[in-house]
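Heads up, the sequence shown is in the numbering used here, so the first residue is 2 and it goes up one at a time.
We treat Cβ as the ideally placed atom computed from N, Cα and C, and that holds for glycine.
Since the structure comes first, as structure tokens, the remarks are kept for the end.
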Amino acid sequence: MVLFFTSAATIYMGRDKFENVDLLRHALPEDVWFHVDKLSSAHVYLRLPDGVEWTNIPAALLDDCAQLVKANSIEGNKKNNITVIYTPSSNVKTSGDMAVGSVVFHNDQKVKRVFVKERINAVVNRLNKTREVRDVDFEAERQERERALGRQKKEFALRQQKEALEAKRNYKAMAEARDYSNLFSEEAIAEERRKQERKSRIKAQAQEEEDVYESDDSFM
């Protein structure tokens, strides 16, 4: 069973250290792991909303996660001026030779910190009012995520294809417009005038030759 909380995004955590191990094993790449620094606490996870990176979590959402972690730390809940650490779930690891619930990081440089001056009851109470206990089918959740990613990739490919076709049509239209505009350039008008003048001269010359021929016939 997993505890879920509603903020600007979904926040969840295990009820004990054994569930924390399962959550870490099944956390999705877009989940961010939170914990009180240097103290025992719940392992809290934030599922990032679309378009949000773990490095720029909105301040209000970050505060909600930090307050929830502090409130679920026996020692941390009693203290002021504590630090909460957070990192992508993929940066957190545990192993069988470690105490249950203990973790280390693949890369310490990918761990960020947020200072929590004190517990804010209004925030904790608001989050607790949204708490739900759910039995999560992690495998079904993983499969649904993969299907969703597949749909997103397909939609992205279709958008790219549509944009490429639209760009091609626009390019063709612009090329045709340039060709059409050339018909009315000064050079084109001058060339057309010269063509008409040549036609007129040829026509006049032909008419003169015809007049001369008719004139010759009249004296026979």
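Non-local C-beta neighbours of residue 9 in its own chain, meaning closer than 8 Å and more than five positions away in sequence, comprise 50, 59, 61, 62 and 65, ordered along the chain. Contact between residue 78 and residue 71 holds, with the beta-carbon distance rounding to 6 Å and staying under 8 Å. Burial check for residue 89: the Cβ neighbour count within 10 Å reaches 16 or more, so the residue is buried. Note that the C-beta distance between residue 36 and residue 86 is below 7 Å.
By the neighbour-count criterion, in which 16 or more other beta carbons inside 10 Å mark a residue as buried, residue 68 falls on the buried side. Bounds of the beta strand (DSSP E) holding residue 135 are 133 to 135.
The Cβ atoms of residue 128 and residue 6 sit closer than 7 Å to each other. Counted as a single uninterrupted DSSP element, the beta strand (DSSP E) harbouring residue 85 occupies residues 83 to 89. With contacts defined by Cβ atoms closer than 7 Å, residue 21 and residue 44 form a contacting pair.
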